[in-house]
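Q: I'd like to ask some things about the structure below.
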Amino acid sequence: MLHPKRVNGERENAAMSGLRRFGELDQLDCLTILVAVLLGTVAKQHHLLGLPDWFLEWVSPFLVMVAAYKTRQKITESIEIRRIRGARRIER
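Going by the numbering used here, the first residue of the sequence shown is number 7, and it counts up by one from there.
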């Protein structure tokens, strides 16, 4: 009989090893790419804003990914700044 925790752990390990083939992508990067592609597909199917299909299929997902990476970078920078400020306060 299979142990549920062991099976789930093996699935997670298999999923993570599959992601490693793409370099340094983590789960948030993969989620960002997935959301961008899904938004582009939905936008194309519903002809949002009357934009051409090529724009909705290729350009809009790219713009979503760029915005997501910029936002992630800003959040990471603000977290680092807070850590540095917290370390300075502890030293005093």
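Glycine included, each C-beta is placed from N, C-alpha and C at the ideal position. On a predicted model such as this, the values are computed, not experimentally measured, just so you know.
Can you tell me where the alpha helix (DSSP H) with Asp35 in it begins and where it stops?
A: One-based indexing of the sequence shown puts residue 35 at position 29. Asp35 -> alpha helix (DSSP H) spans 33 to 52.
Q: For my contact list, Val70 and Ala42 are in at a C-beta cut-off of 8 Å; report their separation, rounded to the angstrom.
A: Residue 70 sits at position 64 when you count from the first residue of the sequence shown. Residue 42 sits at position 36 when you count from the first residue of the sequence shown. About 4 Å; that satisfies the 8 Å criterion.
Q: Less than 8 Å between the beta carbons of Lys80 and Leu62, yes or no?
A: Counting from 1 along the sequence shown, the entry for residue 80 is found at position 74. Counting from 1 along the sequence shown, the entry for residue 62 is found at position 56. Contact flag unset, no.
Q: Can you look up Arg78 in the DSSP assignment and give me helix, strand or coil?
A: Within the sequence shown, the letter at position 72 stands for residue 78. Three-state DSSP puts Arg78 in a helix.
Q: How long is the line joining the alpha carbons of Lys76 and Glu97, rounded to whole angstroms?
A: Counting from one through the sequence shown, the residue named residue 76 turns up at place 70. Counting from one through the sequence shown, the residue named residue 97 turns up at place 91. Cα to Cα, Lys76 sits roughly 32 Å from Glu97.
Q: Taking the straight line between their C-alpha atoms, what separation do you get for Leu57 and Ser84?
A: For the purposes of this step, residue 57 is identified with residue 51 of the sequence shown, where counting begins at 1. For the purposes of this step, residue 84 is identified with residue 78 of the sequence shown, where counting begins at 1. Taking the straight line joining both Cα atoms gives about 36 Å.
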